[in-house]
Amino acid sequence: MKRSVRKHEERKKTQGDNPRFLPLLIATLLLISLILLFNHNSRLSEGYMLHVYPLLASFLSSISGIFPFSLYDLFLTATILWLIGMTTRLIFQKRGWKRYLYSVGRFVLIVIAWFYLGWGIAYFRGDFYDRSGVEKAPFDREE
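Per this note's numbering, the sequence shown runs over residues 10 to 152.
Following this line, the structure appears as structure tokens:
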């Protein structure tokens with residue numbers, strides 16, 4: 010009887026983990042789809058950089074302008090401390106490695122989304138010379 014109760018509890022525990030994993034999986038697939046869409050459509054990337062990005066950049070600049078220090082440096086410091094803390098908790102508190110990987114995966118997804126929505130989409134735009142109609146000037150190196 011105890012054995013069947015344990016199996017039921019283990020099954021219940023693993024089923025409880027799946028609903029937490031599903032939103033992360035969906036968000037990951039959506040982000041990959043969005044990146045591929047912008048990667049294969051330079052007009053869409055150009056439209057984003059001309060119309061959406063300036064609004065996003067203005068909004069973020071108005072918030073970050075309040076602080077007399079770099080929010081990016083604060084973010085990097087907090088990230089390093091968070092990773093050290095998560096790793097320490099994994100080692101010393103015997104937290105499950107699945108929870109650790111889930112947290113790290115979620116964090117990596119957020120950073121990648123922030124990068125691409127912030128400025129990474131600009132890398133998918135057409136060539137500067139094609140967009141501006143400027144010809145490349147030949148470069149002669151004098152030795």
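The C-beta atom is built at its ideal place from N, Cα and C for all residues, glycine as well.
Every value quoted in this text rests on a predicted model; they were computed, and no experiment measured them.
Buried versus exposed call for residue i [16 or more other C-beta atoms within 10 Å across all chains shown]
i: R29; result: exposed
i: F137; result: exposed
i: S54; result: buried
Residue i, enclosing alpha helix (DSSP H) - first and last residue
i: F57; result: It is Tyr, not Phe, that sits at residue 57 in the sequence shown. Per DSSP, Y57 belongs to no alpha helix (DSSP H) and is neither H nor E.
i: K107; result: 106 to 127
i: I75; result: Premise fails: I75 is in no alpha helix (DSSP H) and is neither H nor E.
i: S141; result: 137 to 141
i: I130; result: Neither: I130 is in no alpha helix (DSSP H) and is coded neither H nor E.
i: F84; result: 80 to 101
Proximal residues to residue i (C-beta, below 8 angstroms), its chain only, five neighbours per side dropped
i: R113; result: One detail in the question is off: residue 113 reads as Val in this sequence, not Arg. Around V113: L92, M95.
i: Q24; result: Below a pLDDT of 50, predicted positions are generally treated as unreliable, and Q24, at 48, falls in that range; the measurement from the model is reported next regardless. None.
i: V143; result: F137
i: A87; result: none
Cβ shell of residue i (< 7 angstroms), same chain only, five flanking positions each side left out
i: A36; result: L118
i: I44; result: Y125
i: K145; result: Y138
Rounded Cβ spacing between residue i and residue j (contact assumed at less than 8 angstroms)
i: S161; j: F133; result: Residue coverage of the chain in this structure runs from 10 to 152, which leaves residue 161 outside it and unanswerable.
i: I121; j: F47; result: Their Cβ separation, rounded to whole angstroms, is 13 angstroms, which puts I121 and F47 out of contact at 8 angstroms.
i: R115; j: L33; result: 6 angstroms
i: L80; j: S73; result: 5 angstroms
Reference residue i, options the options, closest by Cα
i: Y125; options: P32, Y57, L34, L110; result: Y57
i: V61; options: G127, W123, S79; result: G127
i: L99; options: L90, L110, I89; result: L110
i: W123; options: A66, S71, R104; result: A66
Cutoff 6 angstroms; reference residue i; Cβ partners in own chain excluding five residues on either side
i: G135; result: S51
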